[in-house]
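S.K.:
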Amino acid sequence: MSDSTASNARVSIVRDFASSDLFDRTFKEGMALVEETATYLDGDGRRDSRLLPREDALLYAGESMRLTTRLMQIASWLLVQRAVREGDMPAQDACDEKYRIAALNAEGAEKPQTLPGGLLNLLDRSNRLYERISHMDKRMFIDGEAEKIAVNPVMNQMAMLQSAFAGEVFTGQ
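In numbering that gives the first Met the number 0, the protein residues as written are 0 to 172.
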């Protein structure tokens, strides 16, 4: 299959996802988690961190930075998808590698229970959301293309016919 046909398949996948209910739910969940985290870190989290012994306070600072970085990546990815949905960004542009979500760094994956429960809860939820979005990203930009091309030979043939006949599609009627 030509790169153009593969690219068109990927653009279609991105456009379909951006208009889906799954995207709606994921966007709302992600943005709510960003807001909840900001509220916690500026309020209860600030108080909780002051009560920690020095070593745990340093761990808290590192984990809260990791948390905010992860949430920034999630929010950025979701905002790109929303831009496609709202027509502010062409789906073709959203397929650029610079908009892919990075692999999650497993460093510090085991969190000591000495951290405040509120932070542990946010870390866990953000990790789970990040993993889901990473999976979606992989399906849309890696697996999705291969699956659409390899598993559906009829669509592959239709795409080649569309390309050969400059977009005119035979509907059988």
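All C-beta atoms in this analysis are idealised placements derived from N, C-alpha and C, irrespective of residue type, glycine included.
Less than 7 Å separating the beta-carbons of CYS94 and ARG14?
M.R.: In the sequence shown, the residue the question calls residue 94 occupies position 95. In the sequence shown, the residue the question calls residue 14 occupies position 15. No; because the gap between Cβ atoms is not below 7 Å, this pair is not in contact.
S.K.: Excluding sequence positions up to five away, which residues of its chain have a Cβ less than 7 Å from the Cβ of ARG99?
M.R.: To locate residue 99, count along the sequence shown from 1; it is residue 100. Counting only Cβ-Cβ distances below 7 Å, and skipping sequence neighbours, we find ASP136, PHE140.
S.K.: Given a cut-off of 7 Å on the beta-carbon distance, is the pair ALA37 and VAL83 in contact?
M.R.: Position 38 of the sequence shown, counting from 1, holds the residue named residue 37. Position 84 of the sequence shown, counting from 1, holds the residue named residue 83. For ALA37 and VAL83, no; Cβs fall outside 7 Å.
S.K.: Using the rule of at least 16 other Cβ atoms within 10 Å of the residue's Cβ for burial, across every protein chain shown, is ALA90 buried or exposed?
M.R.: What you label residue 90 is simply residue 91 of the sequence shown in a count that begins at 1. Its Cβ being crowded by 16 or more others within 10 Å, ALA90 is buried.
S.K.: Taking 7 Å as the threshold (C-beta atoms), are VAL33 and ALA60 in contact?
M.R.: Within the sequence shown, the letter at position 61 stands for residue 60. Within the sequence shown, the letter at position 34 stands for residue 33. Cβ atoms of ALA60 and VAL33: not closer than 7 Å.
S.K.: Am I right that GLY29 and LEU77 are in contact with their C-beta atoms under 8 Å? What's the rounded C-beta distance?
M.R.: Residue mapping note: residue 29 aligns to position 30 of the sequence shown, counting from 1. Residue mapping note: residue 77 aligns to position 78 of the sequence shown, counting from 1. That pair is a contact at about 5 Å.
S.K.: Give the DSSP-derived three-state secondary structure of LEU114 in the structure shown.
M.R.: One-based indexing of the sequence shown puts residue 114 at position 115. Coil at LEU114, not helix or strand.
S.K.: Just verifying my parser: in three-state terms, what is the DSSP assignment at MET64?
M.R.: If you number the sequence shown from 1, residue 64 lands on position 65. DSSP places MET64 in helix when its eight states are reduced to three.
S.K.: Can you tell me where the alpha helix (DSSP H) with TYR140 in it begins and where it stops?
M.R.: Residue 140 sits at position 141 when you count from the first residue of the sequence shown. Note that residue 140 is Phe in the sequence shown, not Tyr. Note, PHE140: premise wrong, no alpha helix (DSSP H); not H, not E.
S.K.: Which class does ARG177 belong to by DSSP, given the choice of helix, strand or coil?
M.R.: Past the edges of the chain, shown from 0 to 172, lies residue 177, and the structure says nothing about it.
S.K.: From ASP87 to ALA101, what does the alpha carbon distance come to, in whole angstroms?
M.R.: To locate residue 87, count along the sequence shown from 1; it is residue 88. To locate residue 101, count along the sequence shown from 1; it is residue 102. Each residue's Cα considered, the two are about 23 Å apart.
S.K.: Quick check: what's the CA-CA separation for LEU50 versus ILE132?
M.R.: Indexing the sequence shown from 1 puts residue 50 at position 51. Indexing the sequence shown from 1 puts residue 132 at position 133. Going from the Cα of LEU50 to the Cα of ILE132 covers about 34 Å.
S.K.: Spatial neighbours of GLU54 within its chain, please: C-beta separation below 7 Å, excluding the five flanking residues on both sides.
M.R.: Reading the sequence shown from its first residue, position 55 is the one you call residue 54. Counting only Cβ-Cβ distances below 7 Å, and skipping sequence neighbours, we find nothing.
S.K.: Hey, would you say ASP41 sits closer than 7 Å to GLY117, going by beta carbons?
M.R.: One-based indexing of the sequence shown puts residue 41 at position 42. One-based indexing of the sequence shown puts residue 117 at position 118. Not in contact: ASP41 and GLY117 (Cβ atoms no closer than 7 Å).
S.K.: Run through DSSP, which three-state label would SER19 get?
M.R.: Counted from its first residue, the sequence shown places residue 19 at position 20. SER19 falls in the coil class under three-state DSSP.
S.K.: Pop quiz: LEU58 and LEU114 are said to be a contact at Cβ under 8 Å. What is the actual Cβ separation, rounded to whole angstroms?
M.R.: Residue numbering aside, residue 58 sits at position 59 when the sequence shown is read from its first letter. Residue numbering aside, residue 114 sits at position 115 when the sequence shown is read from its first letter. About 7 Å; that satisfies the 8 Å criterion.
S.K.: SER125: buried (16+ other C-beta within 10 angstroms of its C-beta) or exposed?
M.R.: Within the sequence shown, residue 125 is the residue found at index 126, counting from 1. So SER125 ends up on the buried side.
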